[in-house]
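Q: Sharing a structure below in structure tokens format, with a few things to ask.
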Amino acid sequence: MTHILKKNIQITGNDQMTRIVRQNDESVREGNIRNGGKEVKLFTRALKAFQCNNHIVMEQRKHLDYFLRGRNIGRLECGRTQLEVSEELGIA
Numbered sequence: 022m023t024h025i026l027k028k029n030i031q032i033t034g035n036d037q038m039t040r041i042v043r044q045n046d047e048s049v050r051e052g053n054i055r056n057g058g059k060e061v062k063l064f065t066r067a068l069k070a071f072q073c074n075n076h077i078v079m080e081q082r083k084h085l086d087y088f089l090r091g092r093n094i095g096r097l098e099c100g101r102t103q104l105e106v107s108e109e110l111g112i113a
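Oh and the sequence shown: position 17 is 38 in the working numbering, straight run, nothing missing.
Laid out in structure tokens, this is it:
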């Protein structure tokens, strides 16, 4: 018996969206991930490592977002405009 996981995971480096599309209910012996157009089968250890590593990556991105948001707010509090801060960070 399989079910579809609705989990989008972004892999760093090549910036392709990877999604776990199927996972076996029987003690998670195998699962399939889709990366771009390819579907790849992973077995228990690799699937769990993939899920764990991508959870860590997402947490790191969240902390980076908070850090950058704090830097932007700090620069705005120094009297700069949003446009000036955006241009300085290269996101204008």
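Where is the CB? At the ideal position from N, CA and C, for every residue including glycine.
By DSSP, does Ile114 sit in helix, in strand, or in coil?
A: Not covered by the structure: residue 114. The range shown for the chain is 22 to 113.
Q: Would you call the CB atoms of Asn93 and Leu110 closer than 9 Å?
A: In the sequence shown, residue 93 corresponds to position 72, counting from 1. In the sequence shown, residue 110 corresponds to position 89, counting from 1. A contact, by the Cβ cut-off of 9 Å.
Q: Within its chain, find whatever has a CB closer than 8 Å to the CB of Leu97; leave out the 5 residues flanking it on each side and keep chain order.
A: The count along the sequence shown starts at 1 and reaches residue 97 at position 76. Hits under 8 Å: Gln103 and Val106.
Q: Quick one: Cα of Ile112 to Cα of Arg101, how far?
A: Here the question's residue 112 lines up with position 91 in the sequence shown. Here the question's residue 101 lines up with position 80 in the sequence shown. If I take the Cα positions, the gap works out to 15 Å.
Q: Excluding five sequence neighbours on each side, which residues of the same chain lie with their C-beta closer than 7 Å to the C-beta of Gly91?
A: In the sequence shown, counting from the first residue as 1, residue 91 sits at position 70. Taken in chain order, the list of residues that qualify is empty.
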